[in-house]
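Engineer: Structure incoming, see below.
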Amino acid sequence: MAKSLAQKIIESHLVSGETVAGEEIAISIDQTLTQDATGTMAYLQFEAMQVPRVRTKLSVSYVDHNTLQTGFENADDHAFLQSIAARYGIHFSRPGNGICHQVHLERFGVPGQTLLGSDSHTPTAGGLGMIAIGAGGLDVAVAMAGQPFYLTMPEIVLVRLTGKLGPWVVAKDVIFELLRRLTVKGGTGKVMEYDGPGVAELSVPERATITNMGAELGATCSLFPSDEVTREFLRLQKREDAWAALTAEEDAEYDEVVEIAMGELEPMVACPSNPDKVAKVTEVAGTKVVQVCIGSCTNSSYKDLVTVAEMLKGKTVHPGVSLTISPGSRQVFENIARQGALADLVRAGARILESACGPCIGMGQAPPTGGVSVRSFNRNFPGRSGTKDDQAYLASPEVCAATALRGEITDPRTLGDPIQVRMPVEFVVDDGMIVPPSDEPEMVEIRRGPNIKPLPLNQPMPESMSGELLLKLGDNVTTDDILPAGSKILPLRSNIPAISEYTFSRVDASFFERAKEAGMSFVVGGGNYGQGSSREHAALAPMYLGVKAVIAKSFARIHRANLVNFGILPLTFASDADYDSVQQGDRLELPDVRQDIEAKAQVGVVNVTQGKELAAEHGLTDRQKEIVLAGGLLNYIRCEPAADG
Ligand code: MIC
Ligand code: SF4
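Start counting the sequence shown at 121; every next residue gets the next number (this note's numbering).
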């Protein structure tokens, strides 16, 4: 059978299992990345494994999320991360050097290799032909220790791109079209592999916009072939030697095929407050806007920002709009400065922020109450911007710039001819803000400020469990709902006791107190529970508060893996009627939970309050069973024979 590109790369990294969709496989990991908000925990976990140096080909630690230093916490974390990197053989991308995914694409990604990152948008590097997967920090720590990464072999979907994008229609509209058709659950358990004649029309950063937002489809990862366009991108990065031609075999077979005729697409947006609430710009044009934010790991490349600058050149942003620009990397920043685009942006009234995640994760620039904000980002979950009743739209940089000029959502096609950006013949490339690991690691002292608290561990799973159903939620609960981010809470990422006070704080302010009082407790969710980020804090904090199991209609991949890793049992309702039957406040008992997990596919749940019984699926592989029974992956690893060499 002719093979897809995803199949080829996975097979060349296969450590165990069969590449049959739905089976558990393990793959070797060539590269890892972490960012500061997930990295501190990942490195505390890595330290606990007592491995002297990372065993990957390359590991990079980025600082891009927690860059607002409103107190000592973030700076403490940066110092910790820098010293850990020096000691353990990790490259350290300093604050200000840019957003991990953009920098990784530019400076480190290698076609055909595997990358595991403690951030859900790690698949961005699929734009270069990598199998790049987002995971919890603990999984990344294990990969740094040289162990394989376990995952369910995904189905492979061919997204066949044909034709050419019309005027003002861009890569963001391709992924919006997929989100419109497939929804935020549509990619679950799948790899999205792009191919077809339309691929050659897209540059690597444009491909990366698409693979980046594959995370919003719930896909395991997304990837493009590595072709002459990839080669040119790597040449501009002075890394042409990293290039290799990679494509699917002719007549490769796929589990599913989706066709997108790019010429038929129109400019689109995602309406508040989920990335799949896609509408044509024409349907929402005229909506008054108070803020426009351009940047994030989705759309902050050189071409994106030069296009915006050209659109704004000689004009001033609408008096009712605050426009922010965050260049994706210091490389982009420097190149737009030298090219002159930066001056045009400043003159037009843009508020230039540093090269970091910034407003995308609510680190500053929260919009005013009820105000409409249009963002070139990838997520618009409720309240993520930092304002509770925000009205955030996602759009291409082109729609953002047109909107910033007019003060209302604007179809850029009404502005005349599209902008043609000429790429420079040479890029300014400088790795001065990437610190290589120390040559004398034994001399490096790990700097641990008071913000860095020890990692809490779970207990092995008890024979039986009983407690209150503390919270019943609906579909598409995000990790931003479970453990919000933003400038107040993000700095506490290295301090689980402190951050746990914010667990579910946006959906139920009484959760923390109730959980503390309850001791052992449960949570119920609808479909796609835990969509969004890879933050393992959304499992760690509930674990710390005594949540023993989450019962849902279905789970998002990374969050389910994080629950397992921290010993919280993820259970799936056998039917919608079972979901309907439980009520918040019910007392639940899992009388033989250990035995059930060991011997059966279902775990018995007694609803003591309602006098009913139900059986919920655990869906755990043999390995996951052992992890959950041990009380999480760290406990499980400690019982395993030590890794060699
Ligand atoms: C996000 O976009 O939600 C984040 C912040 O980058 C997260 C990681 C985190 O919560 O630290 C992600 O996407 O995984
Ligand atoms: Fe940063 Fe936003 Fe990208 Fe997450 S989605 S990595 S917060 S820019």
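Think of the CB as a built atom: it goes at the ideal place given N, C-alpha and C, for glycine as much as any other residue.
All values reported here derive from a predicted model rather than from experimental measurement.
Which of helix, strand or coil does DSSP assign to Met-663?
Structural biologist: On the sequence shown, position 543 is the one that residue 663 refers to. Looking at Met-663 - three-state DSSP - the assignment turns out to be helix.
Engineer: Under 8 Å, with one C-beta from each stretch per pair, do the region 626-644 and the region 655-675 reach the 3-pair mark?
Structural biologist: yes
Engineer: Would you say Gln-722 lies against chain B (beta-carbon separation less than 7 Å)?
Structural biologist: In summary, chain B is missing from the structure at hand, where a single protein chain is found.
Engineer: In whole angstroms, what separates the C-alpha of Ser-766 from that of Leu-462?
Structural biologist: There is simply no residue 766 to check, as the chain begins at 121 and stops at 765 in what is shown.
Engineer: What separation, rounded to the nearest whole angstrom, lies between the Cα atoms of Pro-532 and Val-466?
Structural biologist: Taking the sequence shown and counting its residues from 1, one reaches residue 532 at position 412. Taking the sequence shown and counting its residues from 1, one reaches residue 466 at position 346. Our two residues, Pro-532 and Val-466, have alpha carbons roughly 21 Å apart in a direct line.
Engineer: Kindly examine ligand 1 and report whether one of its heavy atoms sits closer than 6 Å to the Cβ of Thr-329.
Structural biologist: For the purposes of this step, residue 329 is taken as residue 209 along the sequence shown, with counting starting at 1. Thr-329: no, Cβ never under 6 Å from ligand 1.
Engineer: Based on Cα-Cα distance, which residue from Ser-653, Asp-509, Pro-479, Gly-484 lies nearest to Gly-491?
Structural biologist: Position 371 of the sequence shown, counting from 1, holds the residue named residue 491. Nearest option by C-alpha distance: Asp-509.
Engineer: Report the partner residues of Leu-535 according to the DSSP bridge assignment.
Structural biologist: What you label residue 535 is simply residue 415 of the sequence shown in a count that begins at 1. Answer by DSSP bridge pairing: none, since Leu-535 is not bridged.
Engineer: By Cβ distance, which residues of its chain are closer than 7 Å to Gln-127, with the 5 residues on each side in sequence left out?
Structural biologist: For the purposes of this step, residue 127 is identified with residue 7 of the sequence shown, where counting begins at 1. Setting aside the 5 residues that flank it on each side, Gln-127 is surrounded in the same chain by Thr-139, Ile-276, each with a C-beta closer than 7 Å to its C-beta; the list follows chain order.
Engineer: Taking the alpha helix (DSSP H) that Ala-679 belongs to, which residues open and close that run?
Structural biologist: Along the sequence shown, one-based indexing puts residue 679 at 559. Checking the sequence, you will find His at residue 679 rather than Ala. His-679 -> alpha helix (DSSP H) spans 677-685.
Engineer: On the three-state DSSP scale, how would you describe Asp-698?
Structural biologist: Residue numbering aside, residue 698 sits at position 578 when the sequence shown is read from its first letter. Three-state DSSP puts Asp-698 in a helix.
Engineer: Just confirm the distance between the C-beta atoms of Cys-477 and Ser-420, as a whole number of angstroms; I'd bet it's less than 8 Å.
Structural biologist: Sequence index remark: in the sequence shown, residue 477 carries index 357 (1-based). Sequence index remark: in the sequence shown, residue 420 carries index 300 (1-based). In fact, because the Cβ distance is near 10 Å, the residues do not count as touching under 8 Å.
Engineer: Give the DSSP-derived three-state secondary structure of Val-494 in the structure shown.
Structural biologist: Position 374 of the sequence shown, counted from the start, is the residue given in the question as residue 494. Val-494 falls in the strand class under three-state DSSP.
Engineer: By Cβ distance below 6 Å, which residues in the same chain neighbour Leu-188 in space, the five residues on each side in sequence not counted?
Structural biologist: Within the sequence shown, numbered from 1, the residue matching residue 188 stands at position 68. For Leu-188, where only same-chain residues beyond five positions count, the Cβ hits under 6 Å are Met-483, Gly-484, Ser-607.
Engineer: Measuring alpha carbon to alpha carbon, tell me which of Tyr-163, Val-294, Gly-159, Gly-191 ends up nearest Tyr-182.
Structural biologist: Translated into positions along the sequence shown, residue 182 becomes position 62. Nearest C-alpha to Tyr-182: Gly-159.
Engineer: Going by the beta-carbon positions, is the gap between Lys-284 and Ser-516 smaller than 7 Å?
Structural biologist: Residue mapping note: residue 284 aligns to position 164 of the sequence shown, counting from 1. Residue mapping note: residue 516 aligns to position 396 of the sequence shown, counting from 1. Against a cut-off of 7 Å, the Cβ pair of Ser-516 and Lys-284 comes out as no contact.
Engineer: Spell out the partners DSSP gives Met-121 in its beta bridges.
Structural biologist: Numbered from 1 along the sequence shown, position 1 holds the residue referred to as residue 121. Partner(s): none; Met-121 has no beta bridge.
Engineer: Alpha carbon to alpha carbon, how far is Tyr-163 from Thr-534?
Structural biologist: Locating residue 163 in the sequence shown gives position 43, counting from the first residue. Locating residue 534 in the sequence shown gives position 414, counting from the first residue. Rounded to the nearest angstrom, the two C-alpha atoms are 50 Å apart.
Engineer: Tell me Lys-408's beta-bridge partners as DSSP assigns them.
Structural biologist: As a working mapping, residue 408 is identified with position 288 in the sequence shown. According to DSSP, residue pairing for Lys-408 in a beta bridge involves Glu-528.
Engineer: Measuring CA to CA, which of Leu-749, Asn-682, Val-279 is closest to Ala-719?
Structural biologist: Taking the first residue of the sequence shown as position 1, residue 719 is located at position 599. The residue with the shortest Cα to Cα distance from Ala-719 is Leu-749.
Engineer: Tell me whether Ala-126 sits in a helix, a strand or coil according to DSSP, three-state version.
Structural biologist: Counting from one through the sequence shown, the residue named residue 126 turns up at place 6. In the structure shown, Ala-126 sits in a helix (DSSP, three-state: H, G or I).
Engineer: Any heavy atom of ligand 3 within a distance shorter than 6 Å of the CB on Ser-416?
Structural biologist: No copy of ligand 3 occurs in the structure displayed; its ligands are ligand 1 and ligand 2 alone.
Engineer: In terms of DSSP beta bridges, what is Gly-237 paired with?
Structural biologist: Walking along the sequence shown from the start, residue 237 turns up at place 117. In DSSP, Gly-237 forms a bridge with Leu-153, Gly-254.
Engineer: Expressed to the nearest angstrom, what Euclidean distance is found between the alpha-carbon atoms of Cys-413 and Ser-475?
Structural biologist: Position 293 of the sequence shown, counted from the start, is the residue given in the question as residue 413. Position 355 of the sequence shown, counted from the start, is the residue given in the question as residue 475. Note on geometry: alpha-carbon atoms of Cys-413 and Ser-475 lie some 13 Å from one another.
Engineer: Could you tell me the boundaries of the beta strand (DSSP E) in which Ile-768 lies?
Structural biologist: Since the first residue of the chain shown is 121 and the last is 765, residue 768 is not available in this structure.
Engineer: Roughly how many angstroms separate the alpha carbons of Val-135 and Ile-149, rounded to a whole number?
Structural biologist: Counting from one through the sequence shown, the residue named residue 135 turns up at place 15. Counting from one through the sequence shown, the residue named residue 149 turns up at place 29. If you take the alpha carbons of Val-135 and Ile-149, they lie about 10 Å apart.
Engineer: Put Arg-280 into one of helix, strand or coil per three-state DSSP.
Structural biologist: The count along the sequence shown starts at 1 and reaches residue 280 at position 160. Three-state DSSP puts Arg-280 in a strand.
Engineer: Here's a check: name, in chain order, each residue in its chain whose Cβ is nearer than 6 Å to the Cβ of Phe-353, leaving out the five neighbours to either side.
Structural biologist: For the purposes of this step, residue 353 is taken as residue 233 along the sequence shown, with counting starting at 1. So the list reads Val-324, once near-sequence residues are dropped.
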